[in-house]
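Number of protein chains: 4
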Amino acid sequence: MTKQKLRIGMVGYGFMGRTHSNAFLTAPRFFDLPYQPELTAICARNADRAKAFAENWGYQSTETDWRKLIARDDIDLIDIAAPNNMHMDIAIAAAEAGKMIMCEKPLGRTAVESQKMVDAVEKAKVPNMVWYNYRRIPAVTLAKHMIDEGQLGRIFHYRAKFLQDWTISEDLPQGGEGLWRLDKSVAGSGVTGDLLAHCIDTAMWLNGSIDKVTAMTETFIKTREHTLTGKIEPVGIDDACAFMGRFSNGSLATFESTRYARGHKALYTFEINGEHGSLFWDLHDLHRLEYFDHRDEGLTRGWRSVHITDGEHPYMDKWWVPGLSIGYDESFTHQAADFIMGLNSEAAAPTFKDALETDKVTDAVLRSAETGQWEIAN
Amino acid sequence: MTKQKLRIGMVGYGFMGRTHSNAFLTAPRFFDLPYQPELTAICARNADRAKAFAENWGYQSTETDWRKLIARDDIDLIDIAAPNNMHMDIAIAAAEAGKMIMCEKPLGRTAVESQKMVDAVEKAKVPNMVWYNYRRIPAVTLAKHMIDEGQLGRIFHYRAKFLQDWTISEDLPQGGEGLWRLDKSVAGSGVTGDLLAHCIDTAMWLNGSIDKVTAMTETFIKTREHTLTGKIEPVGIDDACAFMGRFSNGSLATFESTRYARGHKALYTFEINGEHGSLFWDLHDLHRLEYFDHRDEGLTRGWRSVHITDGEHPYMDKWWVPGLSIGYDESFTHQAADFIMGLNSEAAAPTFKDALETDKVTDAVLRSAETGQWEIAN
Amino acid sequence: MTKQKLRIGMVGYGFMGRTHSNAFLTAPRFFDLPYQPELTAICARNADRAKAFAENWGYQSTETDWRKLIARDDIDLIDIAAPNNMHMDIAIAAAEAGKMIMCEKPLGRTAVESQKMVDAVEKAKVPNMVWYNYRRIPAVTLAKHMIDEGQLGRIFHYRAKFLQDWTISEDLPQGGEGLWRLDKSVAGSGVTGDLLAHCIDTAMWLNGSIDKVTAMTETFIKTREHTLTGKIEPVGIDDACAFMGRFSNGSLATFESTRYARGHKALYTFEINGEHGSLFWDLHDLHRLEYFDHRDEGLTRGWRSVHITDGEHPYMDKWWVPGLSIGYDESFTHQAADFIMGLNSEAAAPTFKDALETDKVTDAVLRSAETGQWEIAN
Amino acid sequence: MTKQKLRIGMVGYGFMGRTHSNAFLTAPRFFDLPYQPELTAICARNADRAKAFAENWGYQSTETDWRKLIARDDIDLIDIAAPNNMHMDIAIAAAEAGKMIMCEKPLGRTAVESQKMVDAVEKAKVPNMVWYNYRRIPAVTLAKHMIDEGQLGRIFHYRAKFLQDWTISEDLPQGGEGLWRLDKSVAGSGVTGDLLAHCIDTAMWLNGSIDKVTAMTETFIKTREHTLTGKIEPVGIDDACAFMGRFSNGSLATFESTRYARGHKALYTFEINGEHGSLFWDLHDLHRLEYFDHRDEGLTRGWRSVHITDGEHPYMDKWWVPGLSIGYDESFTHQAADFIMGLNSEAAAPTFKDALETDKVTDAVLRSAETGQWEIAN
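Residue numbers (our numbering), protein chains in the order written: chain A, 1 to 378; chain B, 379 to 756; chain C, 757 to 1134; chain D, 1135 to 1512.
Have a look at this one:
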């Protein structure tokens, strides 16, 4: 009963390299997978870091050049957990080499980059997926089921925000370990690609496509030291971004994201209001789905705080007993499991093509912030 | 269309004198009453205070001796808002004079006192009521309706607590304005009669009588200056009291009260767990009734936070529009209105007789704290 | 020690006629006022209704023509609680007659109307105020004090929303008792003037003026029966409105309002994020001010749920004891009290002139929703 | 740099067999451990189940007789995750064989059993620990630090409850997979050993020893089918248990546990009130520690909802980034890591000896429920 192996080559060893590695190790313990994921090689420019990472996570080998990683015969899947500016080149090369690809979000730095990546995987016909992990938080997955079943009826409003406060200090540099998210050349954008991309992916999954947007952005701290040059350089990213828009189904969109909201660490929330009911979710308390059902008897109608830990809730039969929580990281475990389980049929979403749609919206958002006009999003 | 007057003689001008006066002024603006309450006289030992109070609240006259107040022909109803040690004498005299009586809780300092008061009003056949106002917070009233309709099924548990933190300082004296609650000779007991009495009244109203209890009490600060003697005197009251018990319906009771719970000002909460569902209420957020209905569909079952402000909720058709709150004090307004509306039929509860049952439980609680044994409560 | 009277002539007997009347009756019981408010006359077109209202609230007389009310010598203050389309004419006439004026919000249906009203009261030099009552919810007042003291430091974000769900049914007509808010000719606008005006008033009070905005509106239900014509007529109001903007202090504004958010009755919330801390408030739980102070020690830093019921909190020394709530309606009581206490110095805010600034923003919002452009707000 | 191995022999493959196995696999990925845990053997009476479990979790071998497991030379540590009635025999034999021991809680079914287990490990001088995992939820660990530092001052109250609702159905049998917790001969007791033991362990860790208790228990459903006999048999366990008590430091204890509280799955909460402040924690939202500090400035004092996910919070530097949660199961990971890190110094708590103290309290609780008297707890 030995399973066929799924041999993984990981590029990147940062925060996302860790969550992805953990997911591949955990998934087969909790899910019955058709393939056995194997941590075959980790690639990082710095050989020592690659080695330390390999030792910690159990990778069997290391590489320092991602082109060599892709060239290896003993690798089935390339997982891209490197900074955004490297996504496109690695993905296209991996596709050309016929590898399956899992890529950290956002797909490209712009929709132009993303389009090329989509073209590459479609030409190569390789399974592909983008790690928009929040879709697979059980409460969010349940929200999707409920909306698809029509529990909310006609949708009027969708609002989302992703609030953080970690860049308020002027002393924080741009660039360097974990700080490439402040460097526009690497990240592509600030909160728009980093945080709003998550909000948009979830939103379009739950509520369909977004047609047009109007946006504003702000960079509160205009210059920061750059760790590469050692000099004070202009900050190119957006510190905050808000936009309004229209979904194709006629509902209204209001989105906001910032790294300047004191007291919020990773407050990703969404709320959707329909004719029959509403749903609200908050990443900080990720097991709770708040649900209002107007069809409940009037006297005792109220927002229900549903604790999504029962065996019948999405994914939760795989874990512990009712009332007990799983971590943020298990959303990656679920995604890894779904991808592997989907390999014999069709790849689990979101594919590169799905993720491209998100990038079209973020591009339109940034464009609108420049022009002050409403912009078409797709 | 002039209504017959209901001429009120109030004894006491403290916190409760204010809530009662306010209730009589407000009730006729929001409820259609068969009698028009009139603030005829206020009685206080100190003539200046009586006068100031009369001026502020619109009382037409003042008295300094409650026996004279009772003797007046132009008074229909005596409202007792004086400290606990005066309740019995005033009530018995008022009953003998044929006056209707509304008495602040607890009825007597002990069940022995309360029994005499019950005997007096029953002999005199005068309408009577005790101001256990929390029954008439709309969310609590709704809880009563739901339980009576069997929404919760067989009851397993009832738990209540009333937590405060205002007497932690050693510098607080016993006795004096607003501090008679720390003087056992005036108050009768500490948190047991002051706070647990409320919890017990609500509990027995919602869940039936309590058969037996076991209790513990504590006086954390053993001596305090007494404002009358100017000396440090032993503290006779209970600073904290907890008890467990059995209701007649077989459910388990757990109650706790204290003035030493940092961070809680007036945290009166109760929760009742039944076969089909549960209810939870909290005085600090008094418009919310938390309701869990196990009969809801399993996937989306959760505690509902019902905001009790709709027109169909108890009493709320009399006030503003959905979503808007009323104050704590309107529980007194509702009680005044219900009493007056009940005058042509039978008096609204709780009557003196009902309140006596509560005093029997508090007596048993204090007795058990002495003996360390389970004690019969009625 | 008889106080001079402040003789009030009220126009309107609806929801706001009730809250204002209640405020004038309650204020002198809880606040030490230099004048004694007297409910001298109520004016309503329908004589029977005027009479019933007078009887209920204790008005001494009635009028059916507001011009006659204004002409009376025994009236000091005209309180305008009539529908929006009547505000301007009554206010200008009252000013010309030298009466003090308190006007329900919004001031005019448009800034053009409001400007004329400002001109009239400034010319007449009469005390004037607009009933933006939420400023005087104790938690909101405390927020103002904290911001003015610099507790939050440099402000980055201000977000507010006011969500309701009462007009989702297609069967609801426009026009008629309480439904004039759906009739554009009477109301001027939909949620923008009704709900966002409140949000904007609070926002500019707390965070200064708003320079420019971009907005979107939606009318989900396009036609409704009109009670006056009995016919199905186009709906002219905005059912939902969202806007983004910039405050003069550089902070970003995100606002939203709707009557199509299932599960929300009167969910007015605001949040303000500054360099040192953040504040959040919610009308549904109006005694709570959520406060995050980044200067707290790092390990135990968190959002504080401050229960604004202590004696040292704004206005709360006038009411009950810590932990006990007051109602929504007491925000009107506070406003009445502040106005009367201000008569010997300068009138309490917001004056007509202050309220005009709000109308300039709502006008810009509605204009932007038409043009799709950013619009200057003042 | 190859680490010495810590070779683990696991007994039991149920819920706790899974959490422990997961902990040993996860700990070395996130913590820098002096030994490398190795899943050497799993023991279960049923060979097929043992094999399936071994395959899933990566155990290298299986046993069906725990005596053989203990006899193996290649095992360093015996982890007891079998039902309660097997704890004593396995632990004593393992100690005699010189193995380190980790034992699932409660230690024995009674303090008598536990005492023998303590004697055995003390005689053998083997490292030992009991899996009271909740101590190592980061928020609970932080609470411990805060109390030890004196942040709360003199303690007045400690209250805890553990509420579930999974046994309300009469159709649930006693015995069988996962249902041995309803069979007294296997479990020893009902909620007292299962749930209150957790509450007591945490309480004594945070607040010191408990001197005496008074308790009540109830078995709501008196008979259930037993899966072994196939017959309806009396139910011997306690379905609910509440007790009050005194800590050695003078504070008052109120504890309650049940499996009959509708709407609660695993609602383990505790609250501790001290002179300077209070703490509250809830397993359902395990990352939040609610903290009230009376020394905060009076106007803005409130319960702080501290989201325990920052790098400086206990254990959290090992995981993700601020705002992101870890699962319930990581409390076991932390315990495994602490135990392994403690092997070169002294074993991490709670040891068998510590756990014996908890069993003395649960014994006294059950005794008191029988006698109706206060019972000495240690």
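Beta carbons: idealized from backbone N, C-alpha and C, even for Gly. All figures in this text were calculated on a predicted structure; none of them were measured in a lab.
Checklist line | Residues that C/Trp1037 bridges to, as DSSP identifies them | finding: In DSSP, C/Trp1037 forms a bridge with C/Phe1026, C/Leu1045.
Next item on the list: List the endpoints of the continuous beta strand (DSSP E) containing A/Phe247.
Entry: 240-247
Notebook entry, point to check: So A/Ile28 is in the alpha helix (DSSP H); what residue range does that whole segment cover?
Noted result: Note on residue identity: the sequence assigns Pro, not Ile, to residue 28 of chain A. Where A/Pro28 is concerned, the enclosing alpha helix (DSSP H) stretches over 15-30.
Note to self: Judging by CA-CA distance, which residue of D/Glu1283, D/Ile1302, D/Gln1285 is the nearest neighbour of B/Arg532?
What the structure shows: In terms of CA proximity to B/Arg532, D/Ile1302 leads the group D/Glu1283, D/Ile1302, D/Gln1285.
Item checked: Reference B/Thr595, options D/Met1378, D/Arg1358, D/Thr1336, D/Ala1374, closest by Cα -> D/Met1378
Notebook entry, point to check: How is B/Glu675 classed by DSSP in three states: helix, strand or coil?
Noted result: coil
Checklist line | CB of A/Ser325 within 8 Å of CB of A/Thr351, strictly | finding: If you check the CB distance, A/Ser325 and A/Thr351 do not come in under 8 Å.
Notebook entry, point to check: A/Gln164 bridges to which residues according to DSSP?
Noted result: DSSP, once it has assigned bridges, lists no residue as partnering A/Gln164.
Next item on the list: With D/Gln1138 as the anchor, note down where its beta strand (DSSP E) starts and where it stops.
Entry: 1138-1145
Notebook entry, point to check: Is the CB of C/Trp887 under 8 Å away from at least one CB in chain D?
Noted result: no
Margin query: Quick check: the Cα distance between A/Gly311 and B/Ser723, rounded to an integer number of angstroms?
Written below: C-alpha separation (whole angstroms): 54 Å.
Notebook entry, point to check: So, are the CB atoms of B/His654 and B/Leu520 less than 8 Å apart?
Noted result: no
Next item on the list: Would you kindly work out how many angstroms separate the C-alpha atoms of B/Ala639 and B/Asn511, rounded to a whole number?
Entry: 23 Å
Item checked: Spatial neighbours of B/Gly486 in its chain, beta-carbon cut-off 7 Å, leaving aside the 5 residues before and after -> His465, Met466, Ser492, Met495, Asp737
Checklist line | chain A residues whose Cβ lies nearer than 9 Å to that of B/Val684 | finding: Leu299, Thr300, Arg301, Gly302, Trp303
Next item on the list: Output the boundary residues of the beta strand (DSSP E) element that contains B/Val591.
Entry: 588-596
Check: Using DSSP with H/G/I as helix, E/B as strand and the rest coil, what is C/Ile1096?
Finding: helix
Next item on the list: Give the straight-line distance between the Cα atoms of D/Leu1490 and D/Tyr1292, rounded to the nearest whole angstrom.
Entry: 21 Å
Notebook entry, point to check: Beta-carbon separation of D/Asp1198 and D/Cys1177 under 8 Å?
Noted result: According to the sequence provided, residue 1198 of chain D is Thr. The question's Asp does not apply to it. Cβ distance < 8 Å, so D/Thr1198 and D/Cys1177 count as in contact.
Item checked: Where C/Trp1059 sits in the DSSP three-state scheme -> strand
Checklist line | Residue environment, A/Asn249, which counts as buried when at least 16 other CB atoms sit within 10 Å | finding: exposed
Checklist line | Buried or exposed (CB count within 10 angstroms, at least 16 for buried), A/Arg380 | finding: Look at the range of chain A in this structure, 1 to 378, and you will see that residue 380 of chain A is not part of it.
Note to self: Less than 8 Å between C-beta atoms, sequence neighbours within five positions excluded: which residues of the same chain meet that for A/Ala50?
What the structure shows: Tyr13, Ile42, Cys43, Ala44, Thr62, Glu63, Thr64
Checklist line | Members of the stretch 317-339 of chain A near chain G, C-beta cut-off 9 Å | finding: The structure shown has no chain G; the protein chains it does contain are A, B, C and D.
Notebook entry, point to check: Could you give the distance in angstroms between the alpha-carbon of C/Val942 and the alpha-carbon of C/Thr866?
Noted result: 12 Å
Next item on the list: Would you check if the distance between the CB atom of A/Trp66 and the CB atom of A/Val121 is smaller than 8 Å?
Entry: It is not a contact, given that the beta carbons lie outside the stated cut-off.
Check: Quick one: what's B/Ala631 bridged to in DSSP?
Finding: Beta-bridge pairing links B/Ala631 to B/Tyr536, B/Gly623.
Margin query: I need the DSSP call for B/Thr711, collapsed to helix, strand or coil.
Written below: helix
Next item on the list: Please determine if the stretch 601-618 of chain B and the stretch 567-580 of chain B are in contact, where contact requires at least 3 C-beta pairs separated by less than 8 Å.
Entry: yes
Note to self: Using beta carbons (cut-off 8 Å, strictly below), is D/His1447 in contact with chain C?
What the structure shows: yes
Margin query: Distance check for A/Tyr291 and D/Ser1385, CA to CA, integer angstroms please.
Written below: 40 Å
Margin query: So, for B/Leu560: in the same chain, excluding its five sequence neighbours on each side, which residues have a beta-carbon less than 8 Å away from its beta-carbon?
Written below: Thr545, Leu550, Pro551, Gln552, Gly553, Gly568, Arg602, Val613, Ile615
Next item on the list: Provide the residue(s) that pair with C/Pro990 in DSSP beta bridges, ordered along the chain.
Entry: For C/Pro990, which the question treats as bridged, DSSP gives the partners C/Thr979.
Note to self: Could you give the first and the last residue of the continuous alpha helix (DSSP H) run that contains C/Pro862?
What the structure shows: No alpha helix (DSSP H) holds C/Pro862; DSSP gives it neither H nor E.
Notebook entry, point to check: Any C-beta of chain B sitting closer than 8 Å to the C-beta of C/Arg785?
Noted result: yes
Notebook entry, point to check: Considering only residues of the same chain and omitting the five flanking positions on each side of B/Met672, which have a CB-CB separation below 6 Å?
Noted result: Before going further, note that residue 672 of chain B is His rather than Met in the sequence given. Contacts found: His654, Gly655.
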